[in-house]
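K.L.:
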Amino acid sequence: MTDVPLHYKSITELSGLIQSKAVSPVAVTREIVQRIGELDSRYKSYATLMADHAMAAAGRAEAEIAAGRYRGPLHGVPIAVKDLCFTTGVRTMGGCKVLADNVPDFDSTVVVRLESAGAVLLGKLNLTEGAMGGYNPDFDIPLNPWNVERWAGASSSGSGVATALGLCYGSLGSDTGGSIRFPASACGIVGLKPTWGRVSRYGVLDLAQSLDHVGPMTRTSADAGIILQAMAGRDDNDPTTLLDPVPDMLAHIGDGMEGIRVGLDEGYVTEGVDPAVTRAVLEGVKVLQGLGAEIVEVSMPDVDRYLPFWHVLCPAEAADAHRQHYPSRRDEYGPFFRDWLDKGAKVSGADYAQANNMRAECNGLVRRALQDVDVLACPSTVGPAHPVTPEALYGPLDEDRGTNFQRFTVPYDFNGAPTLSVPCGLSADGLPLSLQIVGKHLGEALLCRIGHAYEQATDWHTKRPPV
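Every letter in the sequence shown is one number past the one before it in numbering that gives the first Met the number 0, and letter 315, counting from 1, is 314.
Structure representation (structure tokens):
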């Protein structure tokens, strides 16, 4: 892959070049900052570019490596984070006008851990308001580099766009109802939603605490494992983090598919799904089978029965998360998110209890589907990126849109299981399609291994937008 441009190298490739001193962190960071300057005025992925901060960090990394103090595969590697993650002295807005002047005096745990691993923080990435579905009119909308008239995914849209365009080597997103997987699918990259509690949410703005996950968005499965490795684990500042030790995410990355049992419900991946997506996913499953996996028929629950209850839990928890500014500054929110908070404020205790009970029921049925297999295979989304207009993305909330587009995301936010989305094809219009692998709790290392095996047998992850 010597012909791969520097900005599109994987973290694995780049870290080898940096460690061997074939390239320098300063030169790499300078090139990426220049590329951001050339492209991002059009694609709008960055909310805040921290160029001076990044160049200073790259200089420190270069000096440390020269002195023999190499920290590992993120040392000197430029990355970016979703603008939900607190950064000392740098605005963290969450896409919200009410937070336009929010300048934290501490770093989120994920930022602390990534920088401790030597990563170079390039800046903060744009997102939908409050990490929900629509944008505040005071903020830019990131554009899908595959087709600017198509959805870039939500809410981690800037993360998807920047990673796909080579404006960072990896990024952080968050996922409450699909917000890592939607942009990963739409932008043709890898998205890893970890087990709930695997990664600290301390210093990360909430959408819905019981559903929020923070995870990496990269161009390969191994790269996702590298970023997760650096930031996962117990954090005493976040009591919801899991106490389980974090394994070496790459220890078995090359062990292949032999003996792995993959669950598949063909009805689940067909009903209400674009035929191009179904074909690509089933072909992806055949690839895994050809690599040695055993494909096992499983029965998924009727997820459509449970999706409406996400639309009770999420807005109710969002209204709680925004109680400092809502409803006192209600008019400063954009139409979409304002409607979402209004919806949440009206949820009764009985409605919330019912939704939690239905969530538990759905979780139990998914757990049964996973009982006799190692992972499940399904699409990340029901179709390729759909056409969008700024008017639709700014709101108001469209209750008539339905919940079908979340049928492959919400069940795994409900139960907190880890999932990995990997590119698996292109539509007739040249838009990326995505295969999702759902694991058991704490099974991220196996997901990275499966994704890596798939990437060694296919080249979909190497496809780049026609920029």
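Using N, Cα and C, we set each Cβ at its ideal position, and we do this for glycine too.
My output table needs one value for Leu-98: the three-state DSSP class, helix, strand or coil.
P.N.:
Note: Leu-98 maps to helix in three-state DSSP.
K.L.:
Kindly indicate the opening and closing residues of the beta strand (DSSP E) around Arg-260.
P.N.:
Counting along the chain, the beta strand (DSSP E) containing Arg-260 begins and ends at 260-263.
K.L.:
Just checking, does the stretch 292-307 make contact with the stretch 250-267 on the three C-beta pairs under 8 angstroms criterion?
P.N.:
At 8 angstroms Cβ cutoff, the stretches touch.
K.L.:
Quick one: Cα of Gln-435 to Cα of Pro-378, how far?
P.N.:
C-alpha separation (whole angstroms): 5 angstroms.
K.L.:
Could you tell me which of Gln-18, Val-286, Leu-73 and Arg-112 sits nearest to Gln-66, measuring between CA atoms?
P.N.:
Sequence inspection shows Ala at residue 66; the Gln mentioned does not correspond to that position. The shortest Cα separation from Ala-66 among Gln-18, Val-286, Leu-73 and Arg-112 belongs to Gln-18.
K.L.:
Per the contact definition of three or more C-beta pairs closer than 8 angstroms, is the stretch 198-208 in contact with the stretch 103-115?
P.N.:
Enough Cβ pairs lie closer than 8 angstroms, so yes.
K.L.:
Note down the Cα distance separating Ser-23 from Ala-116, rounded to an integer number of angstroms.
P.N.:
Looking at the two C-alpha atoms, the distance is approximately 17 angstroms.
K.L.:
Is Met-230 helix, strand or coil by DSSP?
P.N.:
Helix.
K.L.:
So Pro-144 packs on Tyr-42, CB below 8 angstroms; how close in whole Å?
P.N.:
Yes, Pro-144 and Tyr-42 are in contact; Cβ-Cβ is about 6 angstroms, under 8 angstroms.
K.L.:
If you reduce the DSSP assignment to three classes, tell me which class Cys-186 lands in.
P.N.:
In this structure, Cys-186 counts as helix in the three-state DSSP scheme.
K.L.:
Leaving out the 5 sequence neighbours to the left and right, which residues in its chain are closer than 6 angstroms to Met-0 when beta-carbon positions are compared?
P.N.:
The predicted model places Met-0 with a pLDDT of 43, which falls under 50 and marks its position as unreliable; any figure quoted below should be read in that light. There are no such residues.
K.L.:
Gln-435 lies in the beta strand (DSSP E); which residues open and close that run?
P.N.:
First-last of the beta strand (DSSP E) with Gln-435: 431-437.
K.L.:
Starting from Tyr-469, follow the alpha helix (DSSP H) in both directions and report where the run begins and ends.
P.N.:
Residue numbering for the chain in the displayed model covers 0 to 466; residue 469 lies beyond these limits and cannot be assessed.
K.L.:
Starting from Ser-170, follow its DSSP beta bridges and name the residues at the other end.
P.N.:
According to DSSP, Ser-170 bridges with Ala-79 and Met-216.
K.L.:
Assign Ile-252 to one of three DSSP states: helix, strand, or coil.
P.N.:
Ile-252: coil per DSSP, three-state reduction.
K.L.:
Quick check on the DSSP output: the beta strand (DSSP E) that includes Val-295 runs from which residue to which?
P.N.:
Run containing Val-295: 293-296, per the beta strand (DSSP E) assignment.
K.L.:
Measuring alpha carbon to alpha carbon, tell me which of Val-261, Ala-279 and Arg-260 ends up nearest Thr-470.
P.N.:
Residue 470 falls outside the range modelled here, since the chain spans only 0 to 466, and no answer is possible.
K.L.:
Since Thr-402 and Pro-307 are thought to touch, with beta carbons under 8 angstroms apart, how far apart are those beta carbons, to the nearest angstrom?
P.N.:
Correct: roughly 6 angstroms between the Cβ atoms.
K.L.:
Given this structure, state the Cα-to-Cα distance separating Gly-271 from Gly-224, to the nearest angstrom.
P.N.:
Distance between the alpha carbons of Gly-271 and Gly-224 is about 32 angstroms.
K.L.:
Between which two residues does the beta strand (DSSP E) holding Val-22 run?
P.N.:
No beta strand (DSSP E) holds Val-22; DSSP gives it neither H nor E.
K.L.:
Report the residue from Ala-318, His-310 and Leu-120 whose alpha carbon sits nearest the alpha carbon of Phe-85.
P.N.:
It is Leu-120.
K.L.:
Report the three-state DSSP secondary structure of Lys-192 (helix, strand or coil).
P.N.:
Correct three-state label for Lys-192: strand.
K.L.:
I need the DSSP call for Ser-379, collapsed to helix, strand or coil.
P.N.:
Ser-379 falls in the coil class under three-state DSSP.
K.L.:
Once DSSP output is grouped into helix, strand and coil, what is the label at Thr-86?
P.N.:
Residue state, collapsed to three classes: strand.
K.L.:
Hey, how far is the Cα of Pro-422 from the Cα of Arg-322?
P.N.:
Between Pro-422 and Arg-322, the C-alpha separation is close to 38 angstroms.
K.L.:
Straight-line CA distance for Arg-463 to Leu-126?
P.N.:
Spanning the two alpha carbons is a distance of roughly 22 angstroms.
K.L.:
Between which residues of its own chain and Leu-204 is the CB-CB distance below 6 angstroms, once the five residues before and five after are set aside?
P.N.:
The answer, listed in chain order, is Leu-83 and Gly-93.
K.L.:
For Arg-29, does the three-state DSSP call read helix, strand or coil?
P.N.:
Note: Arg-29 maps to helix in three-state DSSP.
K.L.:
Within the chosen definition, does the stretch 229-236 reach the stretch 183-191 through at least 3 CB pairs nearer than 8 angstroms?
P.N.:
The stretch 229-236 vs the stretch 183-191: no contact.
K.L.:
Less than 8 angstroms between the beta carbons of Leu-206 and Ser-170, yes or no?
P.N.:
In this structure, Ser-170 does not lie closer than 8 angstroms to Leu-206 by Cβ.
K.L.:
Looking at Leu-166 and Ile-31, is the spacing between their C-beta atoms short of 8 angstroms?
P.N.:
For Ile-31 and Leu-166, yes; Cβs fall inside 8 angstroms.
K.L.:
Name the DSSP bridge partner or partners of Leu-419?
P.N.:
According to DSSP, Leu-419 bridges with Leu-191 and Ile-436.
K.L.:
Distance, Cα to Cα, Asp-254 vs Lys-345?
P.N.:
For Asp-254 and Lys-345, the distance between alpha carbons rounds to 51 angstroms.
K.L.:
Ordered along the chain, which non-local residues of its own chain (more than five positions away) have a Cβ less than 7 angstroms from that of Pro-215?
P.N.:
Excluding sequence neighbours, Pro-215 sits near Gly-169, Leu-171, Leu-191, Ala-223, Ile-226 and Leu-227.
K.L.:
Relative to the C-alpha of Pro-274, which candidate in Ala-427, Glu-12 and Lys-8 has its C-alpha closest?
P.N.:
Of the listed residues, the one whose Cα sits closest to Pro-274 is Ala-427.
K.L.:
Among the residues of its own chain, which have a CB less than 8 angstroms from the CB of Ile-520, if the five just before and after it don't count?
P.N.:
Since the first and last residues shown for the chain are 0 and 466, residue 520 lies out of range.
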